[in-house]
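Contents: one structure, followed by commentary.
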Amino acid sequence: MEEHTGDEEARRRGPGSPEAAGAGPAGGGIGRRRLGARLLALGGMLVLQAALPGAAGASGNPAERRALQGLRLRYGSARQAGLVEKHLEAAADEARRFLGPSPERPYYAGAVVLAGRGRTIALHRAMGEAVRYADYDGRTDRVREFPEAQRIPMAEDTVFDLASLTKLFTSLLAVQQMERGRLELEAPVDRYLPEFTGGGKELITVRQLLTHTSGLRSWAPFYQQSTREGQLRMLWAVRPQEAPGTVYRYSDLNLIALQLLLERITGHPLDLLLHDEITAPLGMHRTRYNPPLSWRRVTAATEVQRPPWSGLDRGLVWGEVHDENAHALGGVAGHAGVFGTAWDLAVLARTLLDGGVYSGRRILRPASVELLFTDFNTAFPGDDHGLGFELYQHWYMGAMATPHSAGHTGFTGTSLVLDPSSDSFLILLGNSVHPVRTWRAGSAPRVAVANRFARAVPVRTKHGGPAWYSGMETGGSGTLTLPPLTPATAAARLRCAVWWDTVPGEGALHLEASADGETWEPLPFTTLRSTGGSPEQWPQGSAGGWSGRIWHRLEAPLAAWAGRPVRLRFRHTATGRYVGRGVYVDVVRVAEPARLLFAEDRPADASRLEAVGWTRSTD
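Everything in the sequence shown is counted per this note's numbering, starting at 548 for the first residue and increasing by one.
As structure tokens, this is what we get:
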């Protein structure tokens, strides 16, 4: 049973709120995400491909052209990947740290971490053990370990039960059928599955299955039914707990229903569709349902399943699907059951980052990939969701989370994160339910590794030198204070370059002014993107969220301080459990028409800056 605990449950449960039908982003008008949905409702994949910005065809962007030419992933150095080696190594160190008490028991017996940028895999490490525990006693919370000689160390090519990462493959298969005109995104599910009706189920659309807004419960015990017919009757009998489209609730039932829909419209079982439509074309030869017995020695063990923590009494689950419902469904299910390796997931990541093509083989059109990464859940803030993919989720993406980041987690300890803004990807596979699911909760390793990897993607200044950096410590704060200045005219301005990425509502860059250095007040400012556009106003003297991985020019008028001393400072705060990539400040100057009051690039002025919690950084 695909249960969720700690951070995962809290993140996925989501508050219920009415879905604003047809509403676009704040400010009115139909947004790009709604445009995509409505075009698809008309069966317009070809129209959509032309309509969405950036939806290139075979002669589209350079990355896609290279992929069509047959270029593949390769191993290389951090430098070849455009990454900072020390921070990349720190990501591996973070993954290794959770082999120890986390905080009392190991988070996982072993793990494989893979990270890359562009077509270069710069980190691929295995650590710990794939098979360690033979049994677990829930009454005493004690384990029986295999003898040392019988344990199996984790390897880079270890096969994992991917658990809910399976949902991504099911979603890709659904979008392929949309491309072929066999499936419409806004069509009711009962158009394709007439049995899927009753109690309001007839109102559920394909999109609502893919975005977990169907109103269905999270889970049902299909494993309690001994026959396929009984399992289907249970699904047909399920009723929405809320009206479809009015609530976000992560539900395995959505993807089980989607599986049945796909099998109905194609006439093929899901495992065959996965092979023929995704894994075979992409060369993902270690990704499949129901791995053969010959794979067992290279597969990570999962849980010792016994009641009451499991719905079944199976003992050590090793080489077979962990999820009880997927097991009862014959190992092939829309929500769980796929096994795979870190390398194969990297191939999938590269395929999607390149617009649906890898090594000359296309599985999706660019416009379809755009839909995977487009937020359809604007009515449910914080539960951003594309078609199958979760978006902008700091609770497991850490500082890799941006409005464009996409990914998913799996209950067995797996995760995948793609960041199109930096063309990077991170895969962390751990056997965290080995020996039992109660030994771990939350996503601490995922966040820690993602934070370090995010830091490995450098932020470069135009002049190539260091900038002031706030850091990215949880709960961190600091100030960067200029010496006392006395503007002579109302035309005085503070100008600098800024770059920021903070968790919305939980971190920000503040600009403040003070007459005495003790009492500070906000100083309003404007920013202008280095790529152009219109200035953005920050009347409260603070900016937060995601700024687009680009530098901005900041300007703050000092008219209110003409003729009197003032101290100016930048202040950074991070108040929540998660952090973004941080804040950078560079080339700070205070000037008026007749003179330059302060210039950071003058050594005498630079020496008078007071930095608390800020450091000079070239990356």
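Cβ atoms here follow ideal geometry from the backbone N, Cα and C, with glycine treated the same way.
Inset, instruction - Check each candidate in Val-1006, Met-1019, Leu-876 and Pro-1030 and name the one with the smallest Cα separation from Val-1126. - result: Out of Val-1006, Met-1019, Leu-876 and Pro-1030, the CA that lies nearest to the CA of Val-1126 is found in Met-1019.
Inset, instruction - Return the residue from the list Ala-1060, Thr-1122, Ala-1044 and Tyr-1016 that minimises the CA-CA distance to Leu-1029. - result: Restricting attention to Ala-1060, Thr-1122, Ala-1044 and Tyr-1016, the CA atom closest to the CA of Leu-1029 is found in Ala-1060.
Legend entry - Neighbourhood of Gln-772 by C-beta distance below 8 Å, restricted to the same chain and skipping five residues each side: Excluding sequence neighbours, Gln-772 sits near Gln-778, Arg-780, Met-781 and Ala-875.
Legend entry - Within the segment 747 to 829, ranges of the beta strand (DSSP E) (whole runs, at least 3 residues): Whole beta strand (DSSP E) segments, 3+ residues: zero.
Inset, instruction - Mind the definition here: the segment 889 to 902 touches the segment 910 to 919 only if three or more C-beta pairs lie below 8 Å; say whether that holds. - result: Touching, yes, given that three or more Cβ pairs across the two stretches are closer than 8 Å.
Legend entry - Any 3 or more C-beta pairs closer than 8 Å across the segment 1079 to 1092 and the segment 1138 to 1147: No contact exists between the segment 1079 to 1092 and the segment 1138 to 1147.
Inset, instruction - Note the first and the last residue of the continuous beta strand (DSSP E) segment covering Trp-1046. - result: According to the DSSP assignment, Trp-1046 belongs to the beta strand (DSSP E) that extends over 1040 to 1048.
Inset, instruction - For the segment 690 to 700 and the segment 782 to 797, state whether three or more C-beta atom pairs, one from each stretch, are separated by less than 8 Å. - result: The segment 690 to 700 vs the segment 782 to 797: no contact.
Legend entry - Distance CB(Tyr-939)-CB(Pro-950) smaller than 8 Å: With respect to the 8 Å criterion, Tyr-939 and Pro-950 are classified as neighbours on the basis of their beta carbons.
Inset, instruction - Just mark Ala-1107 as buried or exposed, buried being the case when its beta carbon has 16 or more other beta carbons within 10 Å. - result: Its Cβ having fewer than 16 others within 10 Å, Ala-1107 is exposed.
Legend entry - Among Gly-1129, Pro-1069 and Arg-1124, the one whose alpha carbon lies nearest that of Arg-1002: Closest option to Arg-1002, judged by alpha-carbon separation, among Gly-1129, Pro-1069 and Arg-1124: Gly-1129.
Inset, instruction - Using only alpha-carbon positions, find the residue among Leu-1056, Thr-744, Asp-704 and His-981 that is nearest to Arg-672. - result: Cα-wise, what sits closest to Arg-672 is Asp-704.
Legend entry - Cβ pair count under 8 Å reaching 3, the segment 629 to 638 against the segment 647 to 665: Yes, the segment 629 to 638 touches the segment 647 to 665.
Inset, instruction - Please confirm whether Glu-850 and Val-983 have their CB atoms less than 8 Å apart. - result: Against a cut-off of 8 Å, the Cβ pair of Val-983 and Glu-850 comes out as a contact.
Legend entry - Close Cβ partners of Pro-1112 (< 8 Å) along its chain, the five nearest in sequence each way excluded: Around Pro-1112: Pro-1031, Leu-1032, Thr-1033 and Ala-1062.
Inset, instruction - With DSSP as the reference, label His-874 as helix, strand or coil. - result: In this structure, His-874 counts as helix in the three-state DSSP scheme.
Legend entry - Euclidean distance between Cα positions of Gly-1022 and Pro-648: When rounded, the distance between both Cα atoms is 23 Å.
Inset, instruction - Determine the contact status of Ala-991 and Ala-710, defining contact as a CB-CB distance below 8 Å. - result: For Ala-991 and Ala-710, no; Cβs fall outside 8 Å.
Legend entry - Residues of its chain near Thr-813, where Cβ-Cβ distance is below 8 Å and the 5 sequence neighbours each way are ignored: Closer than 8 Å at Cβ, skipping near neighbours: Gln-724, Arg-729 and Leu-820.
Legend entry - Straight-line gap, His-1167 to Gly-887 (C-alpha atoms, nearest Å): Residue 1167 lies beyond the range of the chain shown here (548 to 1166); nothing can be said about it.
Legend entry - Whether Ser-798 touches Leu-750 by CB criterion (8 Å): Between Ser-798 and Leu-750, the C-beta gap is not smaller than 8 Å, which leaves the two residues out of contact.
Legend entry - Ala-696 CB to nearest heavy atom of the ligand GDP below 7 Å: In the structure on display, the ligand GDP does not appear, and there are no ligands present to speak of.
Inset, instruction - Could you tell me whether the Cβ atoms of Arg-1096 and Ser-968 are closer together than 8 Å? - result: For Arg-1096 and Ser-968, yes; Cβs fall inside 8 Å.
Inset, instruction - Scan the segment 933 to 987 and note each continuous alpha helix (DSSP H) run of 4 residues or more that stays entirely inside, going in chain order. - result: DSSP runs (the alpha helix (DSSP H)) wholly in the segment 933 to 987: 941 to 944.
Legend entry - Segment limits, alpha helix (DSSP H) that includes His-634: 632 to 644 is the extent of the alpha helix (DSSP H) around His-634.
Inset, instruction - State the DSSP-derived secondary structure class of Ala-1158, mapped to helix, strand or coil. - result: In this structure, Ala-1158 counts as strand in the three-state DSSP scheme.
Legend entry - Helix, strand or coil at Leu-730 [DSSP, three-state]: Annotated three-state conformation of Leu-730 is coil, per DSSP.
Inset, instruction - Would you list, in sequence order, the uninterrupted beta strand (DSSP E) runs of no fewer than 3 residues that lie entirely inside the segment 666 to 732? - result: For the segment 666 to 732, whole beta strand (DSSP E) runs of length 3 or above, ordered along the chain, are 667 to 678, 680 to 684 and 689 to 692.
Legend entry - Beta-carbon proximity list for Thr-1162, same chain, < 8 Å, skipping 5 on both sides: In the same chain as Thr-1162, and ignoring 5 residues on each side of it, the C-beta atoms closer than 8 Å to its own belong to Trp-1015, Tyr-1016 and Gly-1018, in chain order.
Legend entry - Ser-1164 versus Arg-1155 - alpha carbon distance: The alpha-carbon separation between Ser-1164 and Arg-1155 amounts to approximately 18 Å.
Inset, instruction - Report the partner residues of Leu-661 according to the DSSP bridge assignment. - result: DSSP lists His-671 and Ile-974 as partners of Leu-661.
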